[in-house]
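As you go down the protein sequences, you meet chains E and H in turn.
Residue 183 in our numbering is what sits at position 183 of the first sequence, and the numbering runs on without skipping anything.
Residue 125 in our numbering is what sits at position 125 of the second sequence, and the numbering runs on without skipping anything.
Even for Gly, the Cβ is constructed at its ideal location relative to N, Cα and C.
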Amino acid sequence: MNILYFLVQQTMFFSIPLLVVALGGMFSERSGVVNIALEGIMIIGAFTSVMTIRLLQDTMQGQGLLLIALAVASLSGMIYSLLHAYASINMKSDQVISGTALNMFAPAFAIFVARIYQGTKDIQFTNTFRIKSVPLLGEIPIVGQLLFQNAYITTYIGIAILIISSIVLYKTKFGLRLRACGENPQAADSVGVNVYGMRYSGVLISGALAGLGGLIFVVPTSSGFGATVSGYGFLALAVMIFGQWKPNRILFAAFFFGFMKTVSAAYSGIPFLRDLDISGGVYKMMPYIITLVVLALSSKKSQSPRAAGTPYDVGKR
Amino acid sequence: MKKFKEWVASSSFSSVSASIGAILVGLLLGLIILIITNPSQAFPAFFTILSGGFTNGIKGLGNVLYYSTPLILTGLSVGFAFKTGLFNIGASGQMVVGGFVAILIGVRCEFLGSSLWIVALLGAILAGALWALIPGIFKALFNVHEVISSIMMNYIGMYLVNMLIVKYIFDSIRNQSMIVAESAVMPKLGLDTLTNGSSLNSGFLIAILFVIVTYIILNKTVFGYELIACGFNQEASKYAGIKAKRNVVLAMVIAGALAGAAGGLMYLAGSGQRIMVVDILLSEGFMGIPIALLGLSNPIGIFFSAIFIGHIKVGGFYMQLYDFVPDIIDIMISVIIYFSAFALMVKGVIGFLLKKQKRKKEKSQRQKNGGKVE
């Protein structure tokens, strides 16, 4: 039973950042802008917020500090994603190239600043954010132990973001317009939707969520940040595709990928899996292989936004 | 002179100036960051970056060329795909798979004798090609965007290689791959003594050979013409009877072969390069993107831009003397990529200005002729 609790808790730590970042990517692609810069934005978000934690941790601790850091992470991610928005919307440049530039800039910048500030690239912080047991809910048998003990507030924020995203995308005027811009921007423009504005919102939301995801990734799994998020931004891209650009499916995909990550990290401690004698690398590869298979199988009825990746050209019909 | 003017008015001039503009912006931003962090040392540090390998005389120059060797190949890989309208972001994975096969052959097949390094290099090329074949087939058959499938292949390649190294050629003390046999190291051909003991070797000459071969394929063969036609307009080339799908697969395979060769050249250089068993993608593969962009996907342009990137990378290494962090070079390169993404826009603006100038000239000419139309 203890192993089960451990697995579920670990899976949460791996899945929630994937979920949040993939939802971010979904907003951007649904508005018609491909955002492969998620990895870079995550790094920037994690970097600024971990710096904030480090600077403030002598004066405050616990959830208050974490909330401030989360706000910093999403804000910095949003600002950073403006660069991508400007390049791909106003300058109509190749969105993959601009994303690559952002991905390359982020770790270099984080290492550079960290080393100037403190000499090494790893920024250490004291992790005071773990909730031993959520009051009341943590005492529920089994479920409490599974979901409300040894948890982080970020887990619940992630779930909240999922619900809000789902509502925004499907139940609001904004969501409808956003989706229209990703499918057929000319048609959206003809009925008075501001395509540039919608695409900017899409990219900025993805920036905010990816920045947030950067911190959510760092906090539960380590007490330091070394200018990398271990390819989670790209994995989130896979989650988004596996989830076919739909919030509920993205949730499923994120948990599946998170579970695979957990198994690859902890399989030697689980008797059943240890006996199978499969190398950890296999579990690590699995999410990517499965994404490829899904891509191939779903290609005929792929749900990808039709206009994603093409700059909006007013004159084109 | 007239030819020069014609060239100025052509589109290649505006592309070249867009590239140079992007480089200048990148360098300028680097300088600004240096000034902000440490004003007194900023200028000497910046000049160290600019002088790159020259800081250390002929040996430094040799090391620049040595460092640029795999970069030329990854640049060619990305550029070749660009020409066909494909974005090969998977050079990193193709390179590491190629490098692994080269090392595997180099360690385990000593019986091949003095031809070992050639076999190892060919193995690397084949492995890279195979690794790119999958995104190519996915693109041709399932219309899956090659960027997405290549990203997946990058990670699969990295984890697979790490797993296989641990299984077959593991140096567990240093957590890296084993050293290849003597005969698997590419011959130096005296290039190292010529450059005062740098790590330069025949790999650089092989890279030049690849530049020439890709140039010929792209510019002098029907096949290359078809590839470029597909890059411009797939529908139109299909209409003209070109097998577009087959060409997409072939272009990816060739791009992968080039990236695989990059891995082979890097790990068979015999100067201590080994694959570390860490979960990090090879940055040399991603460097191919700015190199191809700056080189305008032209093999000869790529050759020079790879040397330029190698040059400032080495410059960044020497810059550490002034107590700066070498990552500033990556910041500069990323700025260069970002602004070369604007290239289309810049090209448009330059083209517009040139046209305007031309029109003005014609107008004044007409006025001089007394309003008579020639």
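The beta strand (DSSP E) spanning residue i covers which residue range?
i: Ser-88/E; result: Looking at the DSSP string, Ser-88/E is not in any beta strand (DSSP E), and its letter there is neither H nor E.
i: Lys-132/E; result: 131-133
Buried or exposed for residue i, please, with buried defined as at least 16 other CB atoms from any protein chain shown within 10 angstroms of its CB.
i: Asp-323/H; result: exposed
i: Phe-174/E; result: exposed
i: Glu-235/H; result: exposed
i: Tyr-80/E; result: buried
i: Arg-130/E; result: exposed
i: Pro-17/E; result: buried
i: Arg-366/H; result: exposed
i: Lys-284/E; result: buried
i: Leu-28/H; result: exposed
i: Pro-271/E; result: exposed
i: Thr-48/H; result: buried
i: Tyr-159/H; result: buried
i: Asn-2/E; result: exposed
i: Phe-13/E; result: buried
i: Asp-277/E; result: exposed
i: Leu-70/E; result: buried
i: Ser-40/H; result: exposed
My output table needs one value for residue i: the three-state DSSP class, helix, strand or coil.
i: Gly-224/E; result: strand
i: Leu-121/H; result: helix
i: Asp-58/E; result: coil
i: Ile-89/H; result: coil
i: Asp-279/H; result: coil
i: Asn-150/E; result: strand
i: Asp-171/H; result: strand
i: Ser-271/H; result: coil
i: Ile-179/H; result: coil
i: Ile-123/E; result: strand
i: Ala-253/E; result: helix
i: Cys-109/H; result: coil
i: Ala-73/E; result: helix
i: Met-186/H; result: coil
i: Thr-221/H; result: coil
i: Phe-47/E; result: helix
i: Tyr-156/E; result: helix
i: Ala-378/E; result: Nothing in the structure corresponds to residue 378/E, since chain E is present only between 1 and 317.
For residue i, which residues of its own chain have a beta-carbon under 7 Å away from its beta-carbon, when the five flanking residues on both sides are left out?
i: Ser-51/H; result: Gly-315
i: Leu-19/E; result: Gly-158, Leu-162, Ile-250, Leu-251 and Ala-254
i: Ser-198/H; result: Lys-59, Gly-62, Asn-63, Tyr-66 and Asp-192
i: Ile-331/H; result: Gly-30 and Ile-33
i: Ile-216/E; result: Ile-16, Pro-17, Val-20, Thr-154 and Gly-158
i: His-84/E; result: Asn-35, Ala-37, Ser-98, Gly-99, Leu-102 and Val-203
i: Gly-106/H; result: Leu-116, Ala-120, Val-180, Ala-181, Ala-184 and Leu-268
i: Ala-81/H; result: Phe-87, Asn-88, Ala-251, Met-252 and Ala-255
Determine, using beta carbons only, whether residue i comes closer than 9 Å to chain B.
i: Thr-84/H; result: Among the chains of the structure shown, chain B does not appear; the protein chains present are E and H.
To which residues of the same chain is residue i closer than 6 Å at the C-beta, ignoring the five residues directly before and after it?
i: Gly-231/H; result: Lys-83, Thr-84 and Gly-85
i: Phe-225/E; result: Ala-46, Val-50, Ile-123 and Val-218
i: Leu-169/E; result: Gly-175
i: Ser-76/E; result: Ile-44, Gly-45, Thr-48 and Gly-211
i: Glu-374/H; result: Because the pLDDT at Glu-374/H is just 44, under 50, the model does not fix this residue reliably, and the point stays unresolved.
i: Phe-259/E; result: Thr-11
Alpha helix (DSSP H) containing residue i: first to last residue?
i: Ala-236/H; result: 234-239
i: Tyr-232/E; result: 232-242
i: Pro-107/E; result: 95-118
i: Ala-187/E; result: 185-190
i: Gly-197/H; result: Per DSSP, Gly-197/H belongs to no alpha helix (DSSP H) and is neither H nor E.
i: Arg-274/E; result: 271-276
i: Ile-30/E; result: In the sequence as presented, Ile is not what sits at residue 30/E; that position holds Arg. Taken as a continuous stretch (DSSP letters only), the alpha helix (DSSP H) holding Arg-30/E covers 2-30.
i: His-311/H; result: 299-319
i: Val-294/E; result: 280-297
Here's a check: name, in chain order, each residue in its chain whose Cβ is nearer than 8 Å to the Cβ of residue i, leaving out the five neighbours to either side.
i: Ala-266/E; result: Phe-6, Leu-7 and Gln-10
At a threshold of 8 Å, does residue i count as lining the ligand FAD (C-beta to nearest heavy atom)?
i: Gly-207/E; result: This structure lacks the ligand FAD, and indeed carries no ligand of any kind.
Exercise for the section: Would you be able to state if there are at least three C-beta pairs under 8 Å between the region 284-297 of chain H and the region 92-104 of chain H? Expected result: yes
Handout entry: At least three beta-carbon pairs within less than 8 Å, the region 110-118 of chain H to the region 236-247 of chain H
Key = no
Exercise for the section: For the region 289-301 of chain E and the region 135-146 of chain H, state whether three or more C-beta atom pairs, one from each stretch, are separated by less than 8 Å. Expected result: yes
Practice task
Please confirm if the region 167-183 of chain E is in contact with the region 65-74 of chain E, defined as three or more CB-CB distances below 8 Å between the two stretches.
Solution key: no
Handout entry: the region 69-83 of chain H in contact with the region 199-208 of chain H per 3-pair CB rule at 8 Å
Key = yes
Exercise for the section: Indicate whether the contact test is met: 3 or more Cβ pairs, each with one atom in the region 223-242 of chain E and one in the region 89-102 of chain E, closer than 8 Å. Expected result: no
Practice task
Determine, using beta-carbon pairs with one atom in the region 351-363 of chain H and one in the region 118-135 of chain E, whether at least three such pairs fall under 8 Å.
Solution key: no
Practice task
Would you check if there are 3 or more beta carbon pairs closer than 8 Å linking the region 266-273 of chain H to the region 38-53 of chain H?
Solution key: no
Practice task
Would you be able to state if there are at least three C-beta pairs under 8 Å between the region 117-132 of chain H and the region 235-248 of chain E?
Solution key: no
Practice task
Decide yes or no for the touch test of the region 99-106 of chain H against the region 172-183 of chain H: beta carbon pairs closer than 8 Å, at least 3 of them.
Solution key: yes
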